[in-house]
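The next block holds one structure in the form of structure tokens; read it before the comments.
Numbering (this note's numbering), first residue to last: 4 to 404.
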């Protein structure tokens, strides 16, 4: 599959749309709190229901996806996002917002899984990582646009309502594009010739699959925690205002998008399996640099850029590794990895907030905790690399025989 094809262009637009609908939630919290007549502490619980949408998407996708097909997933998943945006715009109760964000997580996961599976299956080895990184880079672009839509809506009508409808309109265009492109979708023979039950059994019996899930869960949790608390950390450590501190988050998302877009330059020189460890190490270095922001506030900007550059290619590269290792269950491993990522997002952001608010630990303690977790992931990944190397060696011996 050429990255210049119309279908790939639609996939890039899909990830822009996903980034917009995900990133506008945070800035829109005051509007949602006012609509539901609750405090910001309670409205923040909608992020848990969104994570639950991602978490439960794996069994739903693997049960229904095999029946409805990839083409229909590309059509239906954005419709769930449209429904969620409409509920957020029109709802007036916290329970309605819980349903809305659950549907948002489910719809976003379905869209991500479908496009990542399509393009991951059409490539070979390191090429898959390069293509998926290029595709997922556009999520970062959408994440930059989403808050801007909210800001424009506040300027125009003093609430975030217009941003929700804008995101819904983007998702509608995505469904219309999928309707037009569905007849040109490539088949994935390995995915459909292996029975779902057999594929699930083989996947569950593979230690490498479990290792990928653990690494993905911790990574996504750290990413969400960082993006959610980076502005507060910078404000406390560097002693700057809220507006100036918020620039750190924009720098993070910009670096994430750029690093994904140009990840093919690294993948061409470094095997994907080795690249993962290097990326996590880069993110740890970025956190360490940010801890110096008390002496020089520019360190917060530089550190956020390093964290974004390190985090950027990790998700697509892990997905690519999973698809190449388990081609008989490409959609299954993609959905499982996407769902397990939400497990870390359920507790790590909240834990980071607790540590940051603790008088004895504070902002610096929260960042040290995140760095420690990433160091743990590096160690786990080294164990996973050994398991992958043993599998490769066994495959080579079997081929020689």
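Heads up, the beta-carbon is just placed ideally off N, CA and C, and yes, glycines get one too.
Where the alpha helix (DSSP H) containing residue 270 begins and where it ends
In the DSSP assignment, residue 270 falls within the unbroken alpha helix (DSSP H) covering 266-270.
Does DSSP classify residue 257 as helix, strand or coil?
Looking at residue 257 - three-state DSSP - the assignment turns out to be helix.
Measure the alpha-carbon distance for residue 273 versus residue 41 and round it to whole angstroms.
Residue 273 and residue 41 have their C-alpha atoms roughly 50 Å apart.
Within the same chain, show all residues whose beta-carbon is closer than 8 Å to that of residue 218, passing over the 5 residues directly before and after it, in chain order.
These residues qualify, in order along the chain: 279, 321, 380, 383, 384 and 387.
In three-state terms, what does DSSP make of residue 223?
Note: residue 223 maps to helix in three-state DSSP.
When you compare each of 80, 32, 52 and 123 to residue 328 by their alpha carbons, which one comes out closest?
Among 80, 32, 52 and 123, the Cα nearest to that of residue 328 belongs to 123.
When the Cβ atoms of the region 46-57 are set against those of the region 161-174, are three or more pairs found closer than 8 Å?
Three or more beta-carbon pairs separated by less than 8 Å are not found between the region 46-57 and the region 161-174, which leaves the two stretches without contact.
Can you give the Cα-Cα distance for residue 150 and residue 392, rounded to whole angstroms?
If you take the alpha carbons of residue 150 and residue 392, they lie about 43 Å apart.
Evaluate contact between the region 108-123 and the region 204-224, counting only Cβ atoms and requiring at least three cross-stretch pairs below 8 Å.
With a cut-off of 8 Å, the region 204-224 and the region 108-123 do not count as touching, because too few Cβ pairs lie within range.
Endpoints, alpha helix (DSSP H) assigned at residue 300:
For residue 300, no alpha helix (DSSP H) run applies, since DSSP gives it neither H nor E.
Let me check understanding here. Comparing Cα to Cα, which of 336, 276 and 248 lies closest to residue 389?
Relative to residue 389, the option among 336, 276 and 248 whose CA is nearest is 276.
Inspect the beta-carbon positions of residue 107 and residue 80 and report whether they are closer than 8 Å.
Against a cut-off of 8 Å, the Cβ pair of residue 80 and residue 107 comes out as no contact.
Output yes or no for whether 8 Å exceeds the beta carbon distance between residue 120 and residue 298.
Cβ distance not < 8 Å, so residue 120 and residue 298 don't count as in contact.
Local conformation of residue 86 per DSSP, three classes
If DSSP states are grouped into helix, strand and coil, residue 86 belongs with the helices.
Between 131, 265 and 315, which lies nearest to residue 283 when the distance is taken from Cα to Cα?
In this structure, 315 is the residue among 131, 265 and 315 with its C-alpha nearest to the C-alpha of residue 283.
Is it true that the CB of residue 139 sits closer than 8 Å to the CB of residue 263?
Against a cut-off of 8 Å, the Cβ pair of residue 139 and residue 263 comes out as a contact.
Collapsed DSSP secondary structure at residue 209 in the structure displayed
Correct three-state label for residue 209: coil.
Excluding the 5 residues flanking residue 290 on each side, which residues of the same chain have their C-beta closer than 7 Å to its C-beta?
Closer than 7 Å at Cβ, skipping near neighbours: 306, 310, 370, 373 and 374.
Can you name the start and end residues of the alpha helix (DSSP H) that residue 446 belongs to?
The first residue shown for the chain is 4 and the last is 404, placing residue 446 beyond what the model contains.
Taking 8 Å as the threshold (C-beta atoms), are residue 147 and residue 166 in contact?
At least 8 Å separates the beta-carbon of residue 166 from that of residue 147.
Using a Cβ-Cβ cut-off of 8 Å (strictly less than) and excluding sequence neighbours within five positions of residue 13, which residues of its own chain qualify?
Its chain contains 177, 180, 181 and 184 as the residues whose beta carbon lies nearer than 8 Å to that of residue 13, once the 5 sequence neighbours on both sides are disregarded; these appear in chain order.
Please work out which residues of its chain come closer than 7 Å, Cβ to Cβ, to residue 302, disregarding the five sequence neighbours upstream and downstream, and give them in chain order.
Here the set comprises 292, 293, 295 and 296.
Delimiting residues of the alpha helix (DSSP H) encompassing residue 407
What is shown of the chain runs 4 to 404, which leaves residue 407 out entirely.
Give the C-beta separation of residue 18 and residue 145 to the nearest angstrom, bearing in mind that I take them to be a contact with Cβ-Cβ under 8 Å.
In this structure residue 18 is in contact with residue 145, their Cβ atoms being roughly 6 Å apart against a cut-off of 8 Å.
Tell whether a beta-carbon distance below 8 Å holds between residue 346 and residue 21.
Cβ distance not < 8 Å, so residue 346 and residue 21 don't count as in contact.
Which residue marks the beginning of the alpha helix (DSSP H) containing residue 33, and which one marks its end?
Run containing residue 33: 28-39, per the alpha helix (DSSP H) assignment.
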